[in-house]
Each structure stands twice: as C-alpha cells, then as structure tokens.
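A.B. asks: Dumping the structure here so I can ask a few things about it.
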Amino acid sequence: MEDSFKEIWEMVSPYTMTSVERGYSLYKAVDYIVANDIPGDLVECGVWKGGSCMLMALALKELGAAERRIHLYDTFEGMPEPGDNDYIAWNGRPVSEKWKSDQQGLTSNFTDWAVSLENVRENILRTGYPEKNLEFIAGPVEETLNLHTPERISLLRLDTDWYESTKAELEYLYPLLSAQGVLVIDDYGHFTGAKKAVDEYFETISPSILLNRIDYTGRIAIKTETAE
Numbered sequence: 001m002e003d004s005f006k007e008i009w010e011m012v013s014p015y016t017m018t019s020v021e022r023g024y025s026l027y028k029a030v031d032y033i034v035a036n037d038i039p040g041d042l043v044e045c046g047v048w049k050g051g052s053c054m055l056m057a058l059a060l061k062e063l064g065a066a067e068r069r070i071h072l073y074d075t076f077e078g079m080p081e082p083g084d085n086d087y088i089a090w091n092g093r094p095v096s097e098k099w100k101s102d103q104q105g106l107t108s109n110f111t112d113w114a115v116s117l118e119n120v121r122e123n124i125l126r127t128g129y130p131e132k133n134l135e136f137i138a139g140p141v142e143e144t145l146n147l148h149t150p151e152r153i154s155l156l157r158l159d160t161d162w163y164e165s166t167k168a169e170l171e172y173l174y175p176l177l178s179a180q181g182v183l184v185i186d187d188y189g190h191f192t193g194a195k196k197a198v199d200e201y202f203e204t205i206s207p208s209i210l211l212n213r214i215d216y217t218g219r220i221a222i223k224t225e226t227a228e
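Per our numbering: the sequence shown = residues 1 to 228.
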C-alpha cells in the first residue's frame with residue numbers, strides 16, 4: 001500500500017466502519033476514474049460519519065481533481081426499519097431484531113446508527129475539500145432519489161444495507177454510471193437484502209457485470225461499455 005493511502009487511512013478510519021481492504025479499494029477506484037478521465041460525479045449512499053467520503057475527497061485532492069462533485073445520500077437520522085428480505089448472512093438472523101433493540105437506545109447512543117448532518121458536514125470539511133462541490137441529500141433514498149440525481153456518475157458507492165434502499169439506488173443511479181465507471185457494494189456479503197437487490201437488478205442487465213470480491217462483504221465492478 002502506498003504511503004499516501006496509509007496517511008489518509010489514519011485520518012479517516014475513526015469515521016468509517018469499513019475494513020482497510022475496502023478503504024484501499026475505494027482509494028484505488030478514485031485513482032482509476034481520475035487516471036482514465038471517467039466522466040461524472042462521485043456518489044455515496046449511506047454515509048454514517050463520512051469516513052468513506054473523506055477518503056474519496058482526500059484522494060481527489062491528492063490527484064488534483066477537487067473539481068469533481070460528491071453527492072451524499074443519507075437520512076442523517078438513523079437506519080430505516082429493515083424489511084422482510086433483510087437478514088444477517090452469516091447467522092440467518094433477521095436484521096429487524098437488532099434494529100428494534102438498538103432503536104430503544106438510539107437517543108442515548110445516537111452514533112451507533114446515525115450521525116447528524118451537521119456532524120457529517122463538519123467531518124468532511126476537515127479534509128479541505130471545496131464545500132461548493134459537496135451535495136448533502138437528507139432523507140430516505142427511496143424518497144429523495146426522484147428529487148435529486150446527478151447528470152452523470154463516475155463512481156457509485158452503495159452502503160445502505162437493506163434490500164429496498166439498495167434496489168432503489170441501482171434503479172435510479174446505475175443507469176447514470178458512465179461506461180467504465182466504478183460500482184462499489186459495501187454490504188453484499190454481510191446483509192442478504194443488499195445481495196438480493198444487486199443480484200436481481202443485474203439479472204435485467206445484458207451484458208451483466210463481474211462483481212469482484214474485496215473482502216468477505218465488499219464487492220467492486222467496472223460497468224461494461226454496452227450495459228444498459
């Protein structure tokens with residue numbers, strides 16, 4: 001790993017739940033879209049404390065590409081209730097069990113499930129990325145995606161965990177991903193709902209894509225030239 005990544009990771013790791021493998025993969029994805037001049041903005045759905053966005057912002061700055069816009073979708077108020085398709089993959093337990101128990105302590109332990117928009121903005125601005133190139137879209141993605149979408153996307157990172165939100169994100173945003181753009185799925189291996197939404201969506205795409213394994217849960221892919 002490059003020393004530049006190690007410095008960035010040391011700064012952002014307190015603000016993300018992703019592994020160093022997923023962090024490094026995202027860092028290299030940013031390098032790839034800049035080096036290959038893939039057109040479009042960067043989009044993240046599911047932000048938490050902003051660590052992954054901070055990583056993208058710092059990588060873009062390092063590469064002299066801070067003119068790229070970053071769109072950040074999150075409720076900034078907590079995880080929506082999971083549905084019938086949402087289970088923890090490794091033990092088969094419904095996610096709703098943990099969600100309901102954690103909701104009881106949400107007020108006193110807020111950052112386990114959510115971080116306020118003000119705190120996320122403050123975290124990301126620590127990177128020095130131009131605020132005018134940051135777009136925060138608050139609310140459930142199923143409701144906000146039809147109100148705000150970028151014209152074109154170069155890197156699409158999905159991290160909202162549940163089936164319904166992941167399904168909506170793919171339906172609205174994947175068609176906007178440039179050919180040879182990067183798709184990152186954070187929870188494909190951990191939550192059955194995210195996996196189901198991804199698998200179902202790409203059954204409708206011809207040709208489909210090859211999802212490459214980052215670690216036990218993260219997946220990354222390049223959009224093929226002719227996929228629609």
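Think of the CB as a built atom: it goes at the ideal place given N, C-alpha and C, for glycine as much as any other residue. What you are looking at is a predicted structure, and each value in this text was computed from that prediction instead of being measured.
Between which two residues does the beta strand (DSSP E) harbouring E44 extend?
C.D. replies: Element bounds for E44: D41 to C45.
A.B. asks: Note down the Cα distance separating L117 from S19, rounded to an integer number of angstroms.
C.D. replies: Each residue's alpha carbon lies about 23 Å from the other.
A.B. asks: With distances taken from CA atoms, which of L155, F136 and L156 is nearest H148?
C.D. replies: The option with the nearest alpha carbon to H148 is F136.
A.B. asks: Please work out which residues of its chain come closer than 8 Å, Cβ to Cβ, to E230, disregarding the five sequence neighbours upstream and downstream, and give them in chain order.
C.D. replies: Since the first and last residues shown for the chain are 1 and 228, residue 230 lies out of range.
A.B. asks: Given that a residue counts as buried once 16 or more other Cβ atoms are within 10 Å of its Cβ, and exposed if not, what is R219?
C.D. replies: Looking at its Cβ environment, which holds 16 or more other Cβ atoms inside 10 Å, R219 is buried.
A.B. asks: Mind checking which residues open and close the beta strand (DSSP E) that includes G245?
C.D. replies: Any property of residue 245 remains undetermined from this structure, which presents the chain solely from 1 to 228.
A.B. asks: Beta strand (DSSP E) containing S178: first to last residue?
C.D. replies: L177 to I185 is the extent of the beta strand (DSSP E) around S178.
A.B. asks: Helix, strand or coil, according to DSSP, for F191 in the structure here?
C.D. replies: Correct three-state label for F191: strand.
A.B. asks: So, K49 versus N123, is the Cβ gap smaller than 8 Å?
C.D. replies: Cβ distance < 8 Å, so K49 and N123 count as in contact.
A.B. asks: With H, G and I counted as helix, E and B as strand and the rest as coil, what does DSSP make of N119?
C.D. replies: N119: helix per DSSP, three-state reduction.
A.B. asks: Which residue marks the beginning of the beta strand (DSSP E) containing R308, and which one marks its end?
C.D. replies: The question about residue 308 has no answer here: the residues shown for the chain are numbered 1 through 228.
A.B. asks: Which first and last residues belong to the beta strand (DSSP E) in which A221 is found?
C.D. replies: Where A221 is concerned, the enclosing beta strand (DSSP E) stretches over R219 to I222.
A.B. asks: Measure the CB-CB distance between I245 and V182 and report whether it falls below 8 Å.
C.D. replies: Shown here, the chain extends from 1 to 228; a query on residue 245 therefore has no answer.
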